[in-house]
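Enquirer: Okay, handing you the structure first.
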Amino acid sequence: MIPYGRQEITQADIDAVVRVLQSDFLTQGPMVPRFEECMAKHVGAGHALAVNSATSALHIACLALGLGSGDWLWTTPVTFVASANCGLYCGARVDFVDIDPRTYNLCPIKLAARLERAEQEGTLPKVLVAVHLCGQPCDMQAIHALARQYDFRVIEDASHAVGGKYQGEFIGSGRYSDITVFSFHPVKIITTAEGGMALTNNAELAKRMNLLRSHGITRDPELMTHSPDGPWYYQQVELGFNYRMTELQAALGVSQMERLDQFVARRHQLAERYDQLLADVPVVTPWQHADAYSGLHLYVVRLQLSEIPATHRAVFESLRAQGIGVNLHYIPVHMQPYYQRMGFGAGDFPEAERYYAEAISLPMYSGLTHEQQDQVVNALVRAVGEAQ
Numbered sequence: 001m002i003p004y005g006r007q008e009i010t011q012a013d014i015d016a017v018v019r020v021l022q023s024d025f026l027t028q029g030p031m032v033p034r035f036e037e038c039m040a041k042h043v044g045a046g047h048a049l050a051v052n053s054a055t056s057a058l059h060i061a062c063l064a065l066g067l068g069s070g071d072w073l074w075t076t077p078v079t080f081v082a083s084a085n086c087g088l089y090c091g092a093r094v095d096f097v098d099i100d101p102r103t104y105n106l107c108p109i110k111l112a113a114r115l116e117r118a119e120q121e122g123t124l125p126k127v128l129v130a131v132h133l134c135g136q137p138c139d140m141q142a143i144h145a146l147a148r149q150y151d152f153r154v155i156e157d158a159s160h161a162v163g164g165k166y167q168g169e170f171i172g173s174g175r176y177s178d179i180t181v182f183s184f185h186p187v188k189i190i191t192t193a194e195g196g197m198a199l200t201n202n203a204e205l206a207k208r209m210n211l212l213r214s215h216g217i218t219r220d221p222e223l224m225t226h227s228p229d230g231p232w233y234y235q236q237v238e239l240g241f242n243y244r245m246t247e248l249q250a251a252l253g254v255s256q257m258e259r260l261d262q263f264v265a266r267r268h269q270l271a272e273r274y275d276q277l278l279a280d281v282p283v284v285t286p287w288q289h290a291d292a293y294s295g296l297h298l299y300v301v302r303l304q305l306s307e308i309p310a311t312h313r314a315v316f317e318s319l320r321a322q323g324i325g326v327n328l329h330y331i332p333v334h335m336q337p338y339y340q341r342m343g344f345g346a347g348d349f350p351e352a353e354r355y356y357a358e359a360i361s362l363p364m365y366s367g368l369t370h371e372q373q374d375q376v377v378n379a380l381v382r383a384v385g386e387a388q
């Protein structure tokens, strides 16, 4: 089976983890700060905080921005559920903005229209989570302008986009957002096995997220209510969580960072080759915005169902039967039973639902060979041509 994504682990990665295993620190040692410094320097951010998952990073980002009961968080329906759930964790209410039919990201035109109505209704969001689906950045300049106009805060969910760029700057630089979140899950562009990171240029937000990721505990006398009782002293000053990253994960991350640009460049080579191989196949290949240099975590095609005899499900099942481990990213969040119990339903976000009815994620990872890619394309050609 050719998977839709997989990690690349080298001997250098293994050696980096083994060195930590043989060291004095498995947690709370020097490697996590080193990984944070490495990533912050790479993307041009002021502060980076490593955590145990991107979901954790989203949670503490929302809390640091003051999201709470009675507030609204808006995001796209085409994302993993964590992009919306992070608002619910904080006691906020969640709503969605439909996608752009070309980028599959949250549409800034639809966002502007929704914000105008929400202002009249008194339901403006406090936080917007802009998801860079497949690695392609949202139109962050437009979103930033709307954030200033309507006074909401912006989190970039760049779980798919580490190593990508927007307007020539690395995603994570924070030019148009308050906080950026990365994921290092094994199928992502670089991996720490599990793990995530929150990046910001705001020192106060960084300080708050640092507290929240480790039980709300501090050893910094400036954050305490009184002078320390002694060198052993610490205080819990917030209700935080155990969201820390281990030294093992951070060591793997530092090692993987050395190949980040190489990984993304290879994904672009594969995407260009897919584009060529699929030029005459009845599918819509990914469109790339001129301002974007995608991280290309995913290569999503949309079936032109009116031009093929097979159904969406039949094509998907045929590919799996032929040994191609395709996937579908994502089932729109508003169509999940949990969210439908909140009142969302079919027809609420038609572009997202059309996308879901046609999308298939083809294998995309730096270790994918041309021979495997040919196998994927040949299997897709057979699948779309099979009458049902």
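Just so we're aligned, residue 1 is where the sequence shown starts under the UniProt record's numbering, counting upward by one.
Even for Gly, the Cβ is constructed at its ideal location relative to N, Cα and C.
Which full runs of the beta strand (DSSP E) of 3+ residues lie inside the region 72–113, going along the chain?
Expert: Correct list: 72–75 and 93–96.
Enquirer: How about F35 and V254: do their beta carbons lie closer than 7 Å?
Expert: Here residue 35 is taken as the residue at index 35 of the sequence shown, counted from 1. Here residue 254 is taken as the residue at index 254 of the sequence shown, counted from 1. Their beta carbons are under 7 Å apart, which means F35 touches V254 by this criterion.
Enquirer: Could you tell me the distance, in whole angstroms, from the CA atom of residue 392 to the CA atom of V32?
Expert: Summary: the structure shown does not reach residue 392, with the chain confined to residues 1 through 388, and so no result is reported for it.
Enquirer: With a 10 Å radius around its C-beta and 16 neighbouring C-beta atoms as the bar for buried, classify E247 as buried or exposed.
Expert: Numbered from 1 along the sequence shown, position 247 holds the residue referred to as residue 247. Buried, by the Cβ-count rule.
Enquirer: With a 10 Å radius around its C-beta and 16 neighbouring C-beta atoms as the bar for buried, classify I143 as buried or exposed.
Expert: Here residue 143 refers to the residue found at position 143 of the sequence shown. That one is buried.
Enquirer: Assign N85 to one of two classes, buried (16 or more other C-beta atoms within 10 Å of its C-beta) or exposed (fewer than that).
Expert: Position 85 of the sequence shown, counting from 1, holds the residue named residue 85. Per the 10 Å Cβ criterion, buried.
Enquirer: Between the region 273–285 and the region 149–165, can you find at least three pairs of beta-carbon atoms closer than 8 Å?
Expert: In short, these stretches do not touch, since the Cβ pair count stays below three.
Enquirer: Report buried or exposed for I217, applying the criterion of at least 16 other Cβ atoms within 10 angstroms of its Cβ.
Expert: Indexing the sequence shown from 1 puts residue 217 at position 217. By the neighbour-count rule (16 or more Cβ atoms within 10 Å), I217 is not buried but exposed.
Enquirer: Per DSSP, what kind of secondary structure is G122 in: helix, strand or coil?
Expert: Counting from 1 along the sequence shown, the entry for residue 122 is found at position 122. In the structure shown, G122 sits in coil (DSSP, three-state: anything other than H, G, I, E or B).
Enquirer: Curious, which full-length alpha helix (DSSP H) runs of at least 4 residues does the region 274–344 contain?
Expert: Those alpha helix (DSSP H) runs which fall completely within the region 274–344 and span 4+ residues are 312–321 and 337–340.
Enquirer: Near R273, what residues of its chain come up, given a Cβ to Cβ distance below 8 Å and the 5 sequence neighbours on each side ignored?
Expert: Position 273 of the sequence shown, counted from the start, is the residue given in the question as residue 273. Only H370 and Q373 meet the Cβ criterion.
Enquirer: For K165, which of helix, strand or coil comes out of DSSP?
Expert: Locating residue 165 in the sequence shown gives position 165, where the first residue counts as 1. The answer is strand: DSSP assigns K165 an E or B state.
Enquirer: What is the rounded straight-line gap between the Cα of F161 and the Cα of Y338?
Expert: Within the sequence shown, residue 161 is the residue found at index 161, counting from 1. Within the sequence shown, residue 338 is the residue found at index 338, counting from 1. For the sequence presented, residue 161 should be read as Ala rather than Phe. Taking the straight line from one Cα to the other gives about 27 Å.
Enquirer: Quick one: is L65 buried, meaning 16 or more other Cβ sit within 10 Å of its Cβ, or exposed?
Expert: The residue labelled residue 65 in the question sits at position 65 within the sequence shown. The residue is buried, with at least 16 neighbouring Cβ atoms inside 10 Å.
Enquirer: Alpha carbon to alpha carbon, how far is P231 from M224? Give it in angstroms, no decimals.
Expert: What you label residue 224 is simply residue 224 of the sequence shown in a count that begins at 1. What you label residue 231 is simply residue 231 of the sequence shown in a count that begins at 1. The alpha-carbon atoms of M224 and P231 are separated by roughly 13 Å.
Enquirer: Is Y234 buried or exposed, if buried means 16 or more other CB atoms sit within 10 Å of its CB?
Expert: On the sequence shown, residue 234 is found 234 positions in, with the first residue counted as 1. So Y234 counts as exposed.
Enquirer: How would you label G91, buried or exposed, when you count the other beta carbons within 10 angstroms and need 16 or more for buried?
Expert: The sequence position of residue 91 within the sequence shown is 91, counting from 1. Exposed, since its Cβ has fewer than 16 Cβ neighbours within 10 Å.
Enquirer: With contact counted as at least three CB pairs below 8 Å, one residue from each stretch, are the region 196–210 and the region 166–183 in contact?
Expert: A contact exists between the region 196–210 and the region 166–183.
Enquirer: Given a threshold of 16 other Cβ atoms within 10 Å of its Cβ, counted over all protein chains shown, does H132 qualify as buried or as exposed?
Expert: Here residue 132 refers to the residue found at position 132 of the sequence shown. Buried is the call here.
Enquirer: Only counting the same chain, and skipping five residues up and downstream in sequence, which positions put a Cβ closer than 6 Å to that of L124?
Expert: The residue you call residue 124 lines up with position 124 of the sequence shown. Taken in chain order, the residues that qualify are A118 and Y150.
Enquirer: Out of R320, S159, E307 and Y365, which has the shortest C-alpha to C-alpha gap to S56?
Expert: Residue mapping note: residue 56 aligns to position 56 of the sequence shown, counting from 1. Per the Cα distances, S159.
Enquirer: If you draw a straight line from the C-alpha of A321 to the C-alpha of V333, how long is it?
Expert: Sequence index remark: in the sequence shown, residue 321 carries index 321 (1-based). Sequence index remark: in the sequence shown, residue 333 carries index 333 (1-based). The straight-line gap from Cα to Cα measures roughly 27 Å.
Enquirer: My guess is that L319 and L380 are in contact by the Cβ rule of under 8 Å, so how many angstroms apart are they, rounded?
Expert: For the purposes of this step, residue 319 is taken as the residue at position 319 of the sequence shown. For the purposes of this step, residue 380 is taken as the residue at position 380 of the sequence shown. Between L380 and L319 the Cβ distance is about 6 Å, and since that is below 8 Å, they are a contact.
Enquirer: I'd like the span of the beta strand (DSSP E) that includes I155, first residue to last.
Expert: Locating residue 155 in the sequence shown gives position 155, where the first residue counts as 1. That run of the beta strand (DSSP E) goes R153 to D157.
Enquirer: I need the DSSP call for I190, collapsed to helix, strand or coil.
Expert: By 1-based counting over the sequence shown, the position of residue 190 is 190. Three-state DSSP puts I190 in coil, outside helix and strand.
Enquirer: Is it buried or exposed, N105, if we count other Cβ atoms within 10 angstroms and call 16 or more buried?
Expert: In the sequence shown, residue 105 corresponds to position 105, counting from 1. With 16 or more other Cβ atoms within 10 Å, it is buried.
Enquirer: Mapping the DSSP letters down to three states, classify A383 as helix, strand or coil.
Expert: Reading the sequence shown from its first residue, position 383 is the one you call residue 383. Residue state, collapsed to three classes: helix.
Enquirer: Can the beta-carbon of V264 be found closer than 7 Å to that of G295?
Expert: The residue labelled residue 264 in the question sits at position 264 within the sequence shown. The residue labelled residue 295 in the question sits at position 295 within the sequence shown. Against a cut-off of 7 Å, the Cβ pair of G295 and V264 comes out as a contact.
Enquirer: Roughly how many angstroms separate the alpha carbons of H215 and E238, rounded to a whole number?
Expert: The residue you call residue 215 lines up with position 215 of the sequence shown. The residue you call residue 238 lines up with position 238 of the sequence shown. Between H215 and E238, the C-alpha separation is close to 7 Å.
Enquirer: Is it true that the CB of Q262 sits closer than 7 Å to the CB of T192?
Expert: Residue mapping note: residue 192 aligns to position 192 of the sequence shown, counting from 1. Residue mapping note: residue 262 aligns to position 262 of the sequence shown, counting from 1. Not in contact: T192 and Q262 (Cβ atoms no closer than 7 Å).
Enquirer: To test your reading of the DSSP string, which unbroken beta strand (DSSP E) runs of 3 or more residues are found completely within the region 192–275?
Expert: As far as the region 192–275 is concerned, its whole beta strand (DSSP E) runs of at least 3 residues are 196–200.
Enquirer: Can you grab the Cα-Cα spacing for the pair R102 / M245, in whole Å?
Expert: Start at 1 with the first residue of the sequence shown, and residue 102 comes out as number 102. Start at 1 with the first residue of the sequence shown, and residue 245 comes out as number 245. Distance between the alpha carbons of R102 and M245: 36 Å.
Enquirer: CA-CA distance, A12 and P77?
Expert: In the sequence shown, counting from the first residue as 1, residue 12 sits at position 12. In the sequence shown, counting from the first residue as 1, residue 77 sits at position 77. Whole-angstrom Cα-Cα distance: 39 Å.
Enquirer: Tell me the rounded alpha-carbon separation between L88 and H47.
Expert: Here residue 88 refers to the residue found at position 88 when the sequence shown is read from its first residue. Here residue 47 refers to the residue found at position 47 when the sequence shown is read from its first residue. Spanning the two alpha carbons is a distance of roughly 26 Å.
Enquirer: What span of residues does the alpha helix (DSSP H) with F35 cover, start to end?
Expert: Counting from one through the sequence shown, the residue named residue 35 turns up at place 35. Element bounds for F35: M31 to V43.
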